[in-house]
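*Asks:*
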Amino acid sequence: MSLRGEGDPAAAGDETAEELLERVRGMVPQALALARAAGGFPGRWKAIAAKLGALPACLSDLSSHPCFAKNALCRELLQSVAATLAEAADLAARCREPPPDGRLRTQSAIDALAGRLDLNLRDCALLIKTGVLSDASGPLPPAEPDAAVTAAAQADVRELLARLQIGHTEAKNRAVDGLLEALHQDEKSVLSVLGRANVSAMVQLLTASAPVVREKAATVICQVAESGTCEGLLVSEGVLPPLIRLAESGSLVGREKAAVTLQRLSTSPDVARAIVGHGGAGPLIEICQTGDSISQSAAAGALKNLSAVPEVRQALADEGIVRVMVSLLDCGAVVGSKEHAAECLQNLTSSNDSLRRAVVSEGGLRSLLLYLDGPLPPESAVGALRNLVGAVSPDSLVSLGVLPRLVHVLRVGSIGAQQAAAGAICRISSSAEMKRVVGEHGCMPLLVRLLEAKSNGAREVAAQALASLVSCPPNAREMRKDDKGVPSLVQLLEPNPANTAKKYAIACLLTLSAAKRCKKLMISHGAIGYLKKLSDMDVAGARKLLERLERGRLRSLFSRN
527 MSLRGEGDPA AAGDETAEEL LERVRGMVPQ ALALARAAGG FPGRWKAIAA KLGALPACLS
587 DLSSHPCFAK NALCRELLQS VAATLAEAAD LAARCREPPP DGRLRTQSAI DALAGRLDLN
647 LRDCALLIKT GVLSDASGPL PPAEPDAAVT AAAQADVREL LARLQIGHTE AKNRAVDGLL
707 EALHQDEKSV LSVLGRANVS AMVQLLTASA PVVREKAATV ICQVAESGTC EGLLVSEGVL
767 PPLIRLAESG SLVGREKAAV TLQRLSTSPD VARAIVGHGG AGPLIEICQT GDSISQSAAA
827 GALKNLSAVP EVRQALADEG IVRVMVSLLD CGAVVGSKEH AAECLQNLTS SNDSLRRAVV
887 SEGGLRSLLL YLDGPLPPES AVGALRNLVG AVSPDSLVSL GVLPRLVHVL RVGSIGAQQA
947 AAGAICRISS SAEMKRVVGE HGCMPLLVRL LEAKSNGARE VAAQALASLV SCPPNAREMR
1007 KDDKGVPSLV QLLEPNPANT AKKYAIACLL TLSAAKRCKK LMISHGAIGY LKKLSDMDVA
1067 GARKLLERLE RGRLRSLFSR N
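For the sequence shown, my numbering begins at 527 and goes up steadily by one.
1) Around the C-beta of D649, are 16 or more other C-beta atoms found within 10 angstroms, so that it is buried, or is it exposed?
2) Would you tell me roughly how many angstroms separate the C-alpha atoms of H694 and S718, rounded to the nearest one?
3) In this structure, how does DSSP classify N1090 when only helix, strand and coil are distinguished?
4) Does E544 pass the burial test, meaning 16 or more other C-beta atoms within 10 Å, or should it be called exposed?
5) Check for me: the alpha helix (DSSP H) holding A557 runs from which residue to which?
6) Verify whether the separation of the beta carbon atoms of S906 and E966 is less than 8 Å.
7) Less than 8 Å separating the beta-carbons of L1057 and L1036?
8) Is it the case that the Cβ atoms of R883 and G916 are separated by a distance below 8 Å?
9) Work out the CA separation of L911 and V739 for me, nearest whole Å.
10) Which of the three DSSP states, helix, strand or coil, is assigned to V1016?
11) Does the count of Cβ pairs from the stretch 583-603 and the stretch 561-569 closer than 8 Å reach three?
12) Report the CB separation of L894 from L855 in whole angstroms; it is logged as a contact under 8 Å.
13) Need the endpoints of the alpha helix (DSSP H) that V802 sits in, please.
14) Leaving out the 5 sequence neighbours to the left and right, which residues in its chain are closer than 7 Å to V1117 when beta-carbon positions are compared?
15) With a CB to CB cut of under 6 Å and the five nearest residues on each side skipped, what residues in its chain are close to L1015?
16) If we ignore side chains and look at the alpha-carbon of each, how far apart do L686 and G704 end up?
17) List in chain order: all unbroken alpha helix (DSSP H) runs of 4+ residues lying wholly within the stretch 838-923.
18) Quick one: residues in its chain with C-beta nearer than 6 Å to the C-beta of Y897, no 5 flanking neighbours on either side, listed in chain order?
19) As a quick exercise: from P1021, E1004 and P920, pick the residue whose alpha carbon is nearest that of M1063.
20) Pick out the complete alpha helix (DSSP H) segments inside the stretch 1024-1052, 4 residues or longer, and give them in chain order.
21) Excluding five sequence neighbours on each side, which residues of the same chain lie with their C-beta closer than 6 Å to the C-beta of A991?
22) Once you ignore the five residues that flank A619 on each side, which residues in its own chain have a CB closer than 7 Å to its CB?
23) P555 to L732, Cα distance in whole Å?
24) Return the CA-CA distance between S606 and N646, expressed in angstroms with no decimal places.
25) Identify, in the order they occur along the chain, each residue of the same chain with its Cβ nearer than 8 Å to the Cβ of A800, setting aside the five sequence neighbours on each side.
26) Are there 16 or more other CB atoms within 10 angstroms of the CB of E986, so buried, or fewer, so exposed?
27) Which first and last residues belong to the alpha helix (DSSP H) in which M1005 is found?
28) Would you say A734 and Q691 are within 8 Å of each other, going by their C-beta atoms?
29) Could you spell out the range, first to last residue, of the alpha helix (DSSP H) harbouring N646?
30) Would you report the Cα separation of P671 and R684, rounded to the nearest angstrom?
31) Look up M1063 in the DSSP assignment and say whether it is helix, strand or coil.
32) Put D1092 into one of helix, strand or coil per three-state DSSP.
33) Tell me the DSSP secondary structure of I574 in three-state form.
34) Since R931 and E888 should fall inside the 8 Å C-beta cutoff, what is the C-beta to C-beta distance between them, to a whole number of angstroms?
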């Protein structure tokens, strides 16, 4: 709201709100009469007269509000209306004769006056109808000192939030400055009084004509989004399109804040779809290539979230996401960018053969392997590698050094990374030759160790890999030599429905049961009791393995007798 200086005839001085209201009411008839009598531009003056004629009703509604006398916003609005009326009377009086300033300047002045009248009428309606007055007034502070301080702070914040909705751009700019300071000092108080109208006003400021206001509004919205309390409200109030435009063509700070906010909001699949639908993928991909380290990491994180939604993956590929993510793996500005890129590639290649081929053709497999050479291989990179190994020939896998990297992951990686590595080994072991090569790289004992993992998923994938590999005689011999191999597999025969590894454990034990020593180990560790229960449950292979073990036990019994 544009306030006049002390020398202005419309300034309120020491008038009370009621006195100021009466003075403004008294100014309306004169301004209206002069507007109706003004010469030149009859259509424009007729529209201004109509707006002036609507003022008394608005002022009446405003003065009847319970918070009228005690709210500073009412007083400031009346000051602004008084200034507009004084200007209207002055301009209309000058337009009784040929325009002294020339026709074009006079027309511009009339249009500016009409705009100020529109703003006054809109602000008056907002104060009355949207609850801004009540929000800005707030409750009286409680008696307790700490509670009083909190309530007073909330009352100040309510007024700042209300000021986002009324007045000129400069007034809103000052309100955003105050809100940023309030968020810095006491974020909780600000968030506790946020409402739909306040959020809507902040979103509208993202499209303000002044770049500095857009930038500050983006900073406020970014902090609100990161608090995790208003994501749904921001999206429902239309924050996505202006954020995407800001990410595309805003200032450096504006693009950064837009990218960070989109990263936060895109964790919801519905919002991720909406971002892609509004054309948000392109600007985010562009930031990954040209932004600074913070905005690049945020944009990559947002794209990672988008790629988690299967139905938008092809649209992302059409925007060129594969090449950019591979490039980030090679030369991302920060570690976070590389991690997001690896996870994005993992998502993109999880179920789409054409995207797997695209990643390989862009050099993604080689980039992932280089990324895995660190002391703690990232789980997402191993997952992406697991998805890609089926799209590459066995000879290429060997020549690129895939197996040594997988062995490295099985030795030092997290459980999730080890599980992904075991999954990659399952996919690689599609031929007798590759099974032999995998065994020669020392995978068998590492997979046996993984059978004891706390994660059911890791145990299942390890058992699946071993069930495939033991069909190769050298691998079976190595498995039989491992003291933990058979006992760990027997433990996986637990008939609990949550145990999804049991069918692979049975398949592996069936192969190993050809050796007498392994049969004895299975029996001594209680395999028969488990298998009886699994046979009753019709688990594949359980009855066959049970018969083989019981036959061996009977032979042993007869031979002793």
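Note that the Cβ used here is the ideal one computed from N, Cα and C, for glycine as well.
*Replies:* From the atom records:
1) Locating residue 649 in the sequence shown gives position 123, where the first residue counts as 1. The residue in question, D649, is buried, as its Cβ has 16 or more Cβ neighbours within 10 Å.
2) Position 168 of the sequence shown holds residue 694. Position 192 of the sequence shown holds residue 718. If you take the alpha carbons of H694 and S718, they lie about 26 Å apart.
3) One cannot answer for residue 1090 here, as it falls past the ends of the chain, which runs 527 to 1087.
4) As a first step, residue 544 is located in the sequence shown; it is residue number 18 there, counting from the start. So E544 counts as exposed.
5) Along the sequence shown, read from residue 1 onward, the residue named residue 557 stands at position 31. Note, A557: alpha helix (DSSP H), A543 to A563.
6) What you label residue 906 is simply residue 380 of the sequence shown in a count that begins at 1. What you label residue 966 is simply residue 440 of the sequence shown in a count that begins at 1. No, Cβ-Cβ distance for S906 and E966 is not below 8 Å.
7) Residue numbering aside, residue 1057 sits at position 531 when the sequence shown is read from its first letter. Residue numbering aside, residue 1036 sits at position 510 when the sequence shown is read from its first letter. No; because the gap between Cβ atoms is not below 8 Å, this pair is not in contact.
8) Mapped onto the sequence shown, residue 883 falls at position 357. Mapped onto the sequence shown, residue 916 falls at position 390. Result no, Cβ atoms of R883 and G916 do not sit closer than 8 Å.
9) Position 213 of the sequence shown, counted from the first residue, corresponds to residue 739. Position 385 of the sequence shown, counted from the first residue, corresponds to residue 911. Distance between the alpha carbons of V739 and L911: 45 Å.
10) Residue 1016 sits at position 490 when you count from the first residue of the sequence shown. Correct three-state label for V1016: helix.
11) no
12) One-based indexing of the sequence shown puts residue 894 at position 368. One-based indexing of the sequence shown puts residue 855 at position 329. Contact holds; Cβ gap of about 7 Å.
13) Taking the first residue of the sequence shown as position 1, residue 802 is located at position 276. P795 to G803 is the span of the alpha helix (DSSP H), which, as asked, contains V802.
14) Any answer about residue 1117 is impossible in this case: the structure gives the chain only from 527 up to 1087.
15) Within the sequence shown, the letter at position 489 stands for residue 1015. Answer for L1015: A1031, C1034 and L1035, listed in chain order.
16) Residue mapping note: residue 686 aligns to position 160 of the sequence shown, counting from 1. Residue mapping note: residue 704 aligns to position 178 of the sequence shown, counting from 1. Each residue's alpha carbon lies about 7 Å from the other.
17) 839-844, 847-857, 861-874, 879-887, 890-897 and 905-914
18) Mapped onto the sequence shown, residue 897 falls at position 371. Closer than 6 Å at Cβ, skipping near neighbours: L855 and A907.
19) Here residue 1063 refers to the residue found at position 537 when the sequence shown is read from its first residue. Comparing Cα-Cα distances from M1063 to each of P1021, E1004 and P920, the minimum goes to P1021.
20) 1028-1038 and 1042-1050
21) Your numbering for residue 991 matches position 465 in the sequence shown. Cβ neighbours of A991 beyond the five flanking positions: A948, I951, C952 and L973.
22) Locating residue 619 in the sequence shown gives position 93, where the first residue counts as 1. So the list reads L560, once near-sequence residues are dropped.
23) Translated into positions along the sequence shown, residue 555 becomes position 29. Translated into positions along the sequence shown, residue 732 becomes position 206. Whole-angstrom Cα-Cα distance: 38 Å.
24) Counted from its first residue, the sequence shown places residue 606 at position 80. Counted from its first residue, the sequence shown places residue 646 at position 120. Answer to the nearest angstrom: the Cα atoms are 7 Å apart.
25) The sequence position of residue 800 within the sequence shown is 274, counting from 1. Excluding positions up to five away in sequence, the list reads V761 and L766.
26) Numbered from 1 along the sequence shown, position 460 holds the residue referred to as residue 986. Counting Cβ neighbours within 10 Å, E986 comes out buried, since at least 16 surround it.
27) Your numbering for residue 1005 matches position 479 in the sequence shown. Looking at the DSSP string, the run of the alpha helix (DSSP H) that includes M1005 is P999 to K1007.
28) For the purposes of this step, residue 734 is taken as the residue at position 208 of the sequence shown. For the purposes of this step, residue 691 is taken as the residue at position 165 of the sequence shown. Contact flag unset, no.
29) Sequence index remark: in the sequence shown, residue 646 carries index 120 (1-based). Note, N646: alpha helix (DSSP H), R629 to K655.
30) As a working mapping, residue 671 is identified with position 145 in the sequence shown. As a working mapping, residue 684 is identified with position 158 in the sequence shown. In this prediction, P671 scores a pLDDT of 42, lower than 50, which makes its location untrustworthy; the coordinate-derived value is nonetheless stated afterwards. Each residue's Cα considered, the two are about 20 Å apart.
31) Counted from its first residue, the sequence shown places residue 1063 at position 537. Reduced to three states, the DSSP call for M1063 is coil.
32) Residue 1092 lies beyond the range of the chain shown here (527 to 1087); nothing can be said about it.
33) Along the sequence shown, read from residue 1 onward, the residue named residue 574 stands at position 48. Residue state, collapsed to three classes: helix.
34) Taking the first residue of the sequence shown as 1, we reach residue 931 at position 405. Taking the first residue of the sequence shown as 1, we reach residue 888 at position 362. About 19 Å; that fails the 8 Å criterion.
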